[in-house]
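Here the structure is laid out as structure tokens; the discussion comes afterwards.
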Amino acid sequence: MRAAAESPAYLALINNFITQKYTLRYSGGLVPDVVHALVKGHGVYVSPVTAQSKAKLRRLYELAPIALIVECAGGMALDSATGKRVLETSVEDTDERGGLICGNTEEVEAVKKALLG
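The following block contains the structure:
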């Protein structure tokens with residue numbers, strides 16, 4: 011949520027979710043939040059990257075495995091900075107980090123459009 015203060019696009023997205031009566035959840039953990047969306051069958055996990063809020067999720071150990079699970083379940087997982095599929099992004103360093111948009115395909119596409127245009 012801190013990224014909303016740093017990114018007008020992310021703030022607009024959050025306001026849109028609130029207006030549409032979405033339930034915003036954040037447990038502080040990637041796995042419980044993504045599993046919640048998978049179990050419900052809809053929802054989107056967003057970990058934006060801004061100049062002040064650097065990427066925290068490790069591409070090799072967190073992003074790629076979660077992306078594989080989400081895509082095998084019929085969803086979509088994108089890098090929140092580039093909009094590219096996480097599984098199509100090569101890993102250059104074991105400590106490389108990135109942002110994430112994953113979940114229901116329609117909602118991921120909507121978030122991508124809102125954040126990246």
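Count along the sequence shown starting at 1, add 10, and that's the number in our numbering.
Even glycine gets a Cβ: it sits at the ideal position worked out from N, Cα and C.
Item: N- and C-terminal bounds of the alpha helix (DSSP H) containing A87; Value: Per DSSP, A87 belongs to no alpha helix (DSSP H); it is in the beta strand (DSSP E), 86–88.
Item: For A87 and E81, the rounded distance between their alpha carbons; Value: 7 Å
Item: As assigned by DSSP and simplified to three states, the class of L67; Value: strand
Item: Beta-carbon spacing of L73, T104 below 9 Å; Value: no
Item: K122 and G93 closer than 9 Å at C-beta; Value: yes
Item: Check whether L23 and V44 have beta carbons under 9 Å apart; Value: no
Item: Assigned exposure category for I111 - 16 Cβ within 10 Å defines buried; Value: buried
Item: I130 versus V96 - alpha carbon distance; Value: The shown model of the chain, from 11 to 127, leaves out residue 130, and the question about it has no answer.
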